[in-house]
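Encoded as structure tokens, the structure appears first; notes follow it.
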């Protein structure tokens with residue numbers, strides 16, 4: 001499993017969506033609010049739905065039946081695994097960066 005590296009420059013919005021969905025299914029507007037609370041920047045609809053499309057293409061998320069004209073999404077097993085790999089990669093990178101700061 002390669003994490004989100006295969007998404008290239010689109011990996012940050014995808015990461016935010018996967019983190020949001022790790023707490024449970026959400027529709028787009030709820031994801032925007034959650035991501036805004038997590039990062040301090042609410043993604044626009046173009047960014048959000050472009051990343052959702054790419055995540056669906058990779059089978060990292062899947063749409064659920066519409067509820068009151070809203071389309072919720074949830075993580076798949078593959079998405080949960082990719083998120084875990086990516087977060088572990090980031091943890092390792094952050095630890096290395098912090099060690100290097102300590103000796104500088």
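Residue numbers (full-length UniProt numbering): 1 to 104.
We put the beta carbon where it would ideally sit given N, CA and C, even for glycine.
Local conformation of residue i per DSSP, three classes
i	result
residue 42	coil
residue 89	helix
residue 83	helix
Candidates the options, of which the one nearest residue i by Cα
i	options	result
residue 49	34, 96, 29 and 59	29
residue 21	45, 72, 98 and 100	72
residue 23	62, 34 and 40	34
Distance between residue j and residue i (C-alpha atoms, nearest Å)
i	j	result
residue 94	residue 103	15 Å
residue 56	residue 26	14 Å
residue 81	residue 66	25 Å
residue 90	residue 69	36 Å
One or two residues paired with residue i in a DSSP bridge
i	result
residue 62	74
residue 67	70
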